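Under the working numbering, the first residue of the sequence shown is numbered 516, with each subsequent residue one higher. Comments concern the structure below.
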Amino acid sequence: MTRKIKAVSPIVATIILIIITIIAGIIIYFYTVGYLAGGSTNVSLKIQGGAIAPGAGKVVFVTLTIKNDGNVPVTLNTLKIIDPAVGISTSITVTPLFGLGSFSGTPPAASFLGTPTLAAGQSITVQFKYTTTPPPVPLTGATLVIQVEGINAVTEQTVAFIASFPINPS
516 MTRKIKAVSP
526 IVATIILIII
536 TIIAGIIIYF
546 YTVGYLAGGS
556 TNVSLKIQGG
566 AIAPGAGKVV
576 FVTLTIKNDG
586 NVPVTLNTLK
596 IIDPAVGIST
606 SITVTPLFGL
616 GSFSGTPPAA
626 SFLGTPTLAA
636 GQSITVQFKY
646 TTTPPPVPLT
656 GATLVIQVEG
666 INAVTEQTVA
676 FIASFPINPS
């Protein structure tokens, strides 16, 4: 008596291979988009502060707190004054008061002292003042626009964030 050994049908074998290929593709997709590789590198800086022009409003004192709201470290490089007083066409003289080096260039820019690296959740406070150069004009009611530039410590890409603040009387 002879026994016949039956094999898997070619159609069933093809279906099994297709299913294995689809599962492998899904695993590779999730790995490359970061679900299995450790997540994304979100860079976010929150810039808060204020600009005050006491007295006649011809000198502006600015205090900024820059917080890393992302999930990767950011090395701060430069703070630029994009527009010292939106709506007022004038040049300015800028003096660093705390946390910044000398301002130079157009628009005025300064390096952060020590090139600080902010881990996720950390913050830094900087201060500077500026006056319009001749003749001094009142700046109260105008808007200050600044830009903070840094480097994503994971991808080493340059990132920039812009914020604006009204210039208030004291």
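C-beta: ideal position from N, C-alpha, C; glycine also. Remember, it's a predicted structure, so these values are computed and weren't measured experimentally.
Judged by beta-carbon spacing, Gln-637 lies beyond the 7 Å limit of Ile-597, meaning their Cβ atoms are not closer than that value. Per DSSP, the unbroken beta strand (DSSP E) holding Leu-659 starts and ends at 658-667. Under the rule that a run must span 4 or more residues, no alpha helix (DSSP H) segment is found entirely inside the region 555-605. When secondary structure is reduced to three states using DSSP, Pro-525 falls in the helix class. For Phe-680, DSSP records a beta bridge to Leu-659. A straight line joining the alpha-carbon of Ala-528 with that of Ala-522 spans about 10 Å. Contact between Thr-658 and Ser-679 holds, since their C-beta atoms are separated by about 5 Å, short of 8 Å.
Nearest neighbour of Val-558 by Cα position, chosen from Pro-684, Ile-682, Ile-538, Val-669, turns out to be Val-669. The Cβ neighbour count for Leu-615, taken over all protein chains shown within 10 Å, is at least 16; the residue is labelled buried. Residue pairing by DSSP places Val-641 opposite Leu-579 in a beta bridge.
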